[in-house]
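Read the structure below first, then the notes.
Number of protein chains: 2
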Amino acid sequence: MRATTIHGPRDIRVEEVPDPVLAEPTDAIVQVAAGCICGSDLWPYRGENPIRPGATIGHECIGEVVEVGGEVSSFRPGDFVVVPFCHCDNTCPHCLAGIQSACVHTDGTASGQAELTRVAQADGSLVRTDGRPDPAAYPALLTLTDVMATGWHAAVSARVQPGSRVVVVGDGAVGLCGVLAASVMGAETIVAMSRHESRQRIATDFGATHIVEERGSEGFERVMDITDGVGADAVLECVGTDAAVATAFDVARPGATVGFVGVPHGVELPLRRMFSKNIGLAGGMAPVRRYLPELLDLVTSGRIDPGRVFDLTLPLDEVAEGYRAMDERRAIKVQINP
Amino acid sequence: MRATTIHGPRDIRVEEVPDPVLAEPTDAIVQVAAGCICGSDLWPYRGENPIRPGATIGHECIGEVVEVGGEVSSFRPGDFVVVPFCHCDNTCPHCLAGIQSACVHTDGTASGQAELTRVAQADGSLVRTDGRPDPAAYPALLTLTDVMATGWHAAVSARVQPGSRVVVVGDGAVGLCGVLAASVMGAETIVAMSRHESRQRIATDFGATHIVEERGSEGFERVMDITDGVGADAVLECVGTDAAVATAFDVARPGATVGFVGVPHGVELPLRRMFSKNIGLAGGMAPVRRYLPELLDLVTSGRIDPGRVFDLTLPLDEVAEGYRAMDERRAIKVQINP
Numbered sequence: 001m002r003a004t005t006i007h008g009p010r011d012i013r014v015e016e017v018p019d020p021v022l023a024e025p026t027d028a029i030v031q032v033a034a035g036c037i038c039g040s041d042l043w044p045y046r047g048e049n050p051i052r053p054g055a056t057i058g059h060e061c062i063g064e065v066v067e068v069g070g071e072v073s074s075f076r077p078g079d080f081v082v083v084p085f086c087h088c089d090n091t092c093p094h095c096l097a098g099i100q101s102a103c104v105h106t107d108g109t110a111s112g113q114a115e116l117t118r119v120a121q122a123d124g125s126l127v128r129t130d131g132r133p134d135p136a137a138y139p140a141l142l143t144l145t146d147v148m149a150t151g152w153h154a155a156v157s158a159r160v161q162p163g164s165r166v167v168v169v170g171d172g173a174v175g176l177c178g179v180l181a182a183s184v185m186g187a188e189t190i191v192a193m194s195r196h197e198s199r200q201r202i203a204t205d206f207g208a209t210h211i212v213e214e215r216g217s218e219g220f221e222r223v224m225d226i227t228d229g230v231g232a233d234a235v236l237e238c239v240g241t242d243a244a245v246a247t248a249f250d251v252a253r254p255g256a257t258v259g260f261v262g263v264p265h266g267v268e269l270p271l272r273r274m275f276s277k278n279i280g281l282a283g284g285m286a287p288v289r290r291y292l293p294e295l296l297d298l299v300t301s302g303r304i305d306p307g308r309v310f311d312l313t314l315p316l317d318e319v320a321e322g323y324r325a326m327d328e329r330r331a332i333k334v335q336i337n338p
Numbered sequence: 339m340r341a342t343t344i345h346g347p348r349d350i351r352v353e354e355v356p357d358p359v360l361a362e363p364t365d366a367i368v369q370v371a372a373g374c375i376c377g378s379d380l381w382p383y384r385g386e387n388p389i390r391p392g393a394t395i396g397h398e399c400i401g402e403v404v405e406v407g408g409e410v411s412s413f414r415p416g417d418f419v420v421v422p423f424c425h426c427d428n429t430c431p432h433c434l435a436g437i438q439s440a441c442v443h444t445d446g447t448a449s450g451q452a453e454l455t456r457v458a459q460a461d462g463s464l465v466r467t468d469g470r471p472d473p474a475a476y477p478a479l480l481t482l483t484d485v486m487a488t489g490w491h492a493a494v495s496a497r498v499q500p501g502s503r504v505v506v507v508g509d510g511a512v513g514l515c516g517v518l519a520a521s522v523m524g525a526e527t528i529v530a531m532s533r534h535e536s537r538q539r540i541a542t543d544f545g546a547t548h549i550v551e552e553r554g555s556e557g558f559e560r561v562m563d564i565t566d567g568v569g570a571d572a573v574l575e576c577v578g579t580d581a582a583v584a585t586a587f588d589v590a591r592p593g594a595t596v597g598f599v600g601v602p603h604g605v606e607l608p609l610r611r612m613f614s615k616n617i618g619l620a621g622g623m624a625p626v627r628r629y630l631p632e633l634l635d636l637v638t639s640g641r642i643d644p645g646r647v648f649d650l651t652l653p654l655d656e657v658a659e660g661y662r663a664m665d666e667r668r669a670i671k672v673q674i675n676p
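Just so you know, the protein sequences line up as chains U and G, in that order. Going letter by letter, the first sequence gives residues 1 to 338 in the working numbering. Going letter by letter, the second sequence gives residues 339 to 676 in the working numbering.
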């Protein structure tokens with residue numbers, strides 16, 4: 001099959017690789033209807049994470065089950081499914097506690113930017129759609145494999161409540177989905193920190209009540225003005241850099257929680273401030289499977305349309321251009337059609 | 339008046355200093371009935387915190403109001419009161435959110451190891467007892483000024499629930515009070531990590547179901563055995579050293595929260611583990627005033643007796659011996675009678 005591989009920083013190729021096979025009786029093979037590029041794919045792309053040259057890359061897709069192992073009982077060929085970026089059995093103690101991303105059977109071998117993908121623990125991992133969706137619905141469904149569930153997890157982790165005053169740090173796809181999540185959860189004030197007009201527009205459509213373009217001390221002052229000098233009840237940190245984390249804790253009020261979902265890179269936490277002001281940190285790799293049924297319902301009922309974060313669609317052969325567009329922030333999120 | 343002062347590492351003296359005066363109309367002066375030494379007093383004592391030579395030290399006491407400012411309306415001379423270690427107006431947005439330790443009017447000038455102390459924001463800070471208590475009740479009441487409220491805060495921050503499996507790191511007065519708090523909150527399993535027999539005994543009396551003497555990887559293995567390989571639902575970190583914090587995160591299950599109340603010194607957080615396993619961190623300086631009414635009720639009704647953490651009582655003139663005894667871990671907590 002054709003799949004996206006990475007050979008070094010900024011070296012993305014489409015190559016013929018062996019078709020995935022059922023390695024375990026709990027596996028399924030899914031024919032990818034659409035995949036996409038994740039902000040976290042940019043870490044290895046930029047050389048910030050180690051790379052194994054020639055490895056496949058990509059972990060978000062939707063598609064049709066074409067083969068199942070002998071122990072898969074809930075799915076069969078023909079089912080159209082959403083594939084969460086991390087697989088899980090959904091029965092271990094960590095899954096039952098809602099942390100499917102720490103499943104004892106997690107297996108991260110999916111490749112979403114390809115023609116086929118292997119899904120481990122298919123019964124636990126996959127969620128079926130109601131029939132084969134129209135391709136117009138693909139973008140919204142694709143967000144459920146990662147970014148929408150991750151933005152949702154940021155809001156849950158930050159303990160957003162009805163009436164909360166929320167700040168979202170980061171205007172990537174996850175940050176924008178975080179705005180949408182906070183809005184669905186009834187936040188009263190939602191501040192999106194963004195300097196890009198196209199992203200500001202989506203943030204506003206998703207429910208942001210305020211846009212703050214400033215950063216550093218000016219950004220802090222703007223948030224303090226908006227929150228009557230108190231700070232935010234809940235902060236969604238959707239970037240993972242040291243500067244973004246610092247901003248998140250700066251704007252948090254005493255007793256607030258920072259919900260973090262950006263993979264941390266070079267972050268030093270302000271432990272003294274956290275202690276003296278009782279500002280907590282919660283979150284991490286999103287347990288996508290936990291939220292999938294609820295989010296799928298919100299999407300199929302038309303209550304939310306997170307698919308708007310996609311602003312570029314490319315055929316698989318042009319996936320390298322998709323990486324370039326996201327790296328240069330010309331695109332928020334890129335759909336890849338195999 | 340006579341007060342405890344610190345002149346350098348391990349240089350504690352009792353000296354004549356000016357009596358405290360009403361500096362603000364919201365102040366009260368309290369005649370100390372009993373004070374005590376806090377584990378956090380040992381940081382400057384050991385030279386780990388900066389010292390202003392000759393400064394008074396100590397921040398925990400109970401006693402009788404002897405003078406109030408013109409704007410104090412809820413207290414009058416003769417009232418017997420519990421003095422939380424940090425003062426607060428109990429009306430600002432941070433107080434109303436339950437983070438009285440971040441009150442916009444916090445003023446840390448109390449001196450509890452002395453004959454008199456000034457209490458800022460008396461109306462907000464103080465809590466009255468029902469008449470003048472018998473001196474036999476002083477130890478339990480003294481714990482409410484700091485250690486019992488702090489152990490309680492650790493348990494609240496770690497989100498201890500009925501049925502929780504809890505690990506308490508630290509067998510000082512705060513850790514022991516954390517065990518008691520977890521027990522009152524209905525935890526099913528409470529593991530006290532302690533190597534001192536006298537402290538183990540109190541931990542068991544306070545509700546610990548298991549004692550783990552081992553540290554490092556052996557301690558981790560013991561906790562895993564006790565929790566069926568899953569880890570703790572909630573961890574109370576009551577020390578503040580890097581080793582204690584590392585242990586706390588090691589034994590936490592995915593999705594758990596570490597409630598930290600030990601003042602952090604030289605701590606590096608395991609951010610990668612926190613992210614990949616969704617282990618949160620919450621807590622900080624305890625909002626004592628928030629918990630005081632509830633805890634006072636638990637003490638006066640006889641439901642809890644946290645006063646057992648006191649195992650040495652000294653007159654004010656011998657306060658330096660009290661510091662030595664706590665520094666050398668010969669005493670858990672020392673009551674000082676002026």
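For glycine and all other residues, C-beta sits at the position ideal for the given N, C-alpha and C. Note that the structure is predicted; figures quoted are calculated from it, not measured.
Check	Outcome
P653 of chain G, enclosing beta strand (DSSP E) - first and last residue	L650 to P653
Rounded Cβ spacing between P388 of chain G and V403 of chain G (contact assumed at less than 8 Å)	Between V403 of chain G and P388 of chain G the Cβ distance is about 32 Å, and since that is not below 8 Å, they are no contact.
Buried/exposed call for A256 of chain U, threshold 16 Cβ in 10 Å	buried
Below-8 Å beta-carbon distance, M193 of chain U vs any chain G residue	no
Interface residues of chain G facing L281 of chain U [CB-CB closer than 8 Å]	M612, G618, L619 and A620
The segment 121-131 of chain U / the segment 202-218 of chain U touching (three or more Cβ pairs under 8 Å)	no
Straight-line Cα distance separating G178 of chain U from R628 of chain G	32 Å
Beta-bridge pairing of R456 of chain G - partner residues as DSSP gives them	G:I367
Length of the line joining the Cα atoms of S449 of chain G and A341 of chain G	8 Å
Three-pair Cβ contact test at 8 Å for the segment 601-614 of chain G versus the segment 642-662 of chain G	no
Alpha-carbon to alpha-carbon, A546 of chain G and R662 of chain G	28 Å
Extent of the continuous alpha helix (DSSP H) run through E197 of chain U	E197 to F206
I437 of chain G: contacting residues in chain U (beta-carbon distance under 7 Å)	P254, G255 and N278
Partners in chain G for A158 of chain U, counting only beta-carbon separations shorter than 7 Å	Those within 7 Å of A158 of chain U in chain G number zero; the least Cβ separation is about 10 Å.
For C399 of chain G, three-class secondary structure by DSSP	strand
Contact set between M677 of chain G and chain U, taken where Cβ atoms lie within less than 9 Å	Shown here, chain G extends from 339 to 676; a query on residue 677 of chain G therefore has no answer.
Contact the segment 285-304 of chain U vs the segment 72-86 of chain U: 3+ CB pairs below 8 Å	yes
Listed by chain order, chain G residues near H59 of chain U by CB distance under 8 Å	Residues of chain G passing the Cβ test: none, with the nearest at roughly 15 Å.
Separation of R390 of chain G from D11 of chain U, as counted between CA atoms	59 Å
Cβ neighbours of F249 of chain U in the same chain (closer than 8 Å, five flanking residues each side left out)	V235, V258, L269, P270, R273, M274 and I279
Rounded separation between P602 of chain G and A581 of chain G - CA only	11 Å
Backbone CA spacing between V230 of chain U and H432 of chain G [nearest angstrom]	8 Å
Nearest residue (CA-CA) to F206 of chain U, options U:E48, U:G219, U:S183 and U:A173	U:S183
Beta-carbon neighbours of H94 of chain U, restricted to chain G and to distances below 8 Å	V568, R591, P592 and G593
Buried or exposed (CB count within 10 angstroms, at least 16 for buried), P18 of chain U	exposed
CB of V191 of chain U within 8 Å of CB of V160 of chain U, strictly	no
Chain U residues whose Cβ lies nearer than 7 Å to that of V605 of chain G	L271
Beta carbon proximity, V263 of chain U to chain G, threshold 8 Å	yes
With 16 other Cβ atoms within 10 Å as the buried cut-off, status of T26 of chain U	buried
Own chain, CB closer than 7 Å to T91 of chain U, minus 5 neighbours either side, in chain order	G124
CB of V223 of chain U within 8 Å of CB of T150 of chain U, strictly	no
Residues, ordered as in the chain, of the segment 473-503 of chain G that lie near chain U by beta-carbon distance below 8 Å	S495
Close-in-space but distant-in-sequence residues of the same chain around E48 of chain U (CB under 7 Å, 5 per side omitted)	H265
Beta-carbon proximity check, E398 of chain G vs L518 of chain G, cutoff 8 Å	no
CB contact check: A102 of chain U to chain G, cutoff 8 Å	yes
Of the residues U:T247, U:S164 and U:R195, the one placed nearest G216 of chain U, counting alpha carbons only	U:T247
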